[in-house]
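Protein chains in written order, with our numbering: chain A, 1 to 212; chain B, 1001 to 1212.
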DNA sequence: TTTCAAAAGGGGCTTTTCCCCCTTTTTACA
DNA sequence: TGTAAAAAGGGGGAAAAGCCCCTTTTGAAA
């Protein structure tokens, strides 16, 4: 009996191609393919649709890999999630692992490594490349510094700050006094160690608060 | 006899998976896989390595799809290039087509469409989805507006403007007087229709002048 | 119910940014 | 080789951004 695998990936061509690859592996077969996390959760309502392993992309519309993995960890902890991504960004990897992924593969890997990762995840419960392992170790001590706590209202302000609007205009749109908005700015600058609005824009984009 | 296809794609997993897909098509077989344009050109020095069709990714390190396609058009015009990308950005698509690609596929497509595209490109010389065709038509009349001419020195300034530096500091680093730098800013604002520095930063990132 | 800490709003000031209009120096090219 | 335009530099002023320090409101926890 082969282990069942579900692919969650928004690029259809890649998911179909991957599907062929996995079906070629000795111990695995594809159960079905989903285009996003929401679709996956809907499918899971039928117990027959629950696989052994989920191959999960991170960047997806509707419901991304991190949210989806977290949801699976809650409701279907027996399902092993293997993250698959082009993201090499430390924060993203850590978030994904913290959300409950059993392994993290870059799309830039050999198919033999994919097969190996699937076997490991299924049989030992986890798989990590050397690089991810060392990242994990490194992230143990400096404990905090991850996503510095930004309130919802601040996030909203930052998005406005990433436009050509003046603070006065932003205040209008947020139904706040200009002085309050300037207060947001000042406290964010201090929290994030920024010097001016340009720095804030770059920060917002780096941290995906705003996407150009 | 099957038509030969070469894949140029930096993500190994995707290229191997695609390879399996194409080898499953009736009329096509994979000759080999390259990780970037430079590798492809090196391979082409041996005439036995010249395929009928190249499946070309756009975003690659070392030598990207646009440069590579342009080079192929010069030296091996008989080779048909089918672009494969996640980029839906109009400018990128147009650049690729102008560089000589015979077709443009989003990675977000069905494998049957890939097969169809390969057949069309090989047998009729080109393949375009409705959306790309209409994009082409649309881009005929408004002729200009593409990459608005920015001088090297202006590009350099824009990169500096995407940091927390003041214009005075930027002037220092560029060995120019602050007033000259402000002159750059003013003329760029006018050319690009921007209101302030925030707008410039967003523009620079959108147009890949600066990468956060 | 008190208390204490955020959130919201604000005054006043300096610096930076933005805008308009002007001169000198270089560079291209007809 | 003259000329015409870029490129470089600049003055001055209004607006926006940034900075400090202060008050009121509000909304929990104790």
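Just so it is clear, CB atoms sit at the ideal spot from N, CA and C, and this is done for glycine as well.
These numbers come from a predicted model, not from an experiment.
Asked                                                                                                                                                                                               : Found
Going straight from the alpha carbon of residue 1150 of chain B to that of residue 1193 of chain B, what length do you get?                                                                         : 13 Å
What residues in the region 54-73 of chain A have a beta carbon less than 7 Å from any beta carbon of chain B?                                                                                      : none
Mind checking whether residue 53 of chain A and residue 82 of chain A have CB atoms under 8 Å apart?                                                                                                : yes
Tell me whether residue 1006 of chain B is buried or exposed, calling it buried when 16 or more other Cβ atoms sit within 10 Å of its Cβ.                                                           : buried
Run the CB neighbour count on residue 46 of chain A, radius 10 Å, all protein chains shown included, and call it buried at 16 or more, exposed below.                                               : exposed
Cutting at 6 Å between CB atoms, please list the residues of its own chain near residue 1158 of chain B, excluding the five before and the five after it.                                           : 1204 and 1209
Would you identify the three-state DSSP class for residue 1056 of chain B, choosing helix, strand or coil?                                                                                          : strand
What is the DSSP secondary structure of residue 106 of chain A, counted as helix, strand or coil?                                                                                                   : strand
With a threshold of 6 Å on Cβ separation, who are the neighbours of residue 100 of chain A within its own chain once the five nearest residues in sequence on each side are excluded?               : 69 and 73
Since residue 1028 of chain B is in the beta strand (DSSP E), which residue starts that stretch and which ends it?                                                                                  : 1028-1034
I'd like to check one pair, residue 132 of chain A with residue 104 of chain A: are the Cβ atoms closer than 8 Å?                                                                                   : yes
Exposed or buried, what is residue 107 of chain A when buried is set at 16 or more other beta-carbons lying within 10 Å of its beta-carbon?                                                         : buried
Looking at the C-beta of residue 197 of chain A, does it have a partner C-beta in chain B at a distance below 8 Å?                                                                                  : yes
Give the residues from the region 159-189 of chain A that approach chain B closer than 9 Å (Cβ to any Cβ), ordered along the chain.                                                                 : 161, 162, 163, 164, 165 and 166
Is the Cβ of residue 1202 of chain B closer than 8 Å to any Cβ of chain A?                                                                                                                          : yes
Tell me where the beta strand (DSSP E) around residue 1080 of chain B begins and ends.                                                                                                              : 1080-1085
Does DSSP put residue 1076 of chain B in a helix, a strand or coil?                                                                                                                                 : coil
With DSSP as the reference, identify every bridge partner of residue 1202 of chain B, one or two as the case may be.                                                                                : Its beta-bridge partners do not exist; DSSP assigns none.
Please determine if the region 1163-1178 of chain B and the region 166-184 of chain A are in contact, where contact requires at least 3 C-beta pairs separated by less than 8 Å.                    : no
Quick check: the Cα distance between residue 65 of chain A and residue 16 of chain A, rounded to an integer number of angstroms?                                                                    : 18 Å
Need the endpoints of the beta strand (DSSP E) that residue 1158 of chain B sits in, please.                                                                                                        : First-last for residue 1158 of chain B: 1152-1161, but that is the alpha helix (DSSP H), not the beta strand (DSSP E).
If you follow the alpha helix (DSSP H) that residue 19 of chain A is part of, which residue opens it and which one closes it?                                                                       : 12-23
Is the region 112-130 of chain A in contact with the region 1023-1041 of chain B, if contact means three or more CB pairs nearer than 8 Å?                                                          : no
Grouping DSSP H, G and I as helix and E and B as strand, with all else coil, what is residue 7 of chain A?                                                                                          : strand
I'd like the list of long-range same chain contacts for residue 155 of chain A, defined as Cβ closer than 8 Å, with 5 residues on each side in sequence excluded.                                   : 209
Can you find a C-beta in chain B that's less than 8 Å from the C-beta of residue 109 of chain A?                                                                                                    : yes
Would you verify that the beta carbon of residue 1089 of chain B is, or is not, closer than 8 Å to some beta carbon of chain A?                                                                     : no
Might you give, ordered along the chain, the residues of its own chain that have their beta carbon closer than 7 Å to the beta carbon of residue 14 of chain A, omitting 5 neighbours on each side? : none
Are there 16 or more other CB atoms within 10 angstroms of the CB of residue 183 of chain A, so buried, or fewer, so exposed?                                                                       : exposed
Of all the options B:1086, B:1165, B:1084 and B:1075, which has the alpha carbon lying nearest to the alpha carbon of residue 196 of chain A?                                                       : B:1165
What in chain B is Cβ-close to residue 16 of chain A, meaning under 8 Å?                                                                                                                            : 1021, 1110 and 1111
Would you verify that the beta carbon of residue 12 of chain A is, or is not, closer than 8 Å to some beta carbon of chain B?                                                                       : yes
In terms of residue numbering, what span does the alpha helix (DSSP H) encompassing residue 183 of chain A cover?                                                                                   : 178-192
At 8 Å on the CB atoms, spell out the chain B contacts of residue 24 of chain A, in chain order.                                                                                                    : 1020
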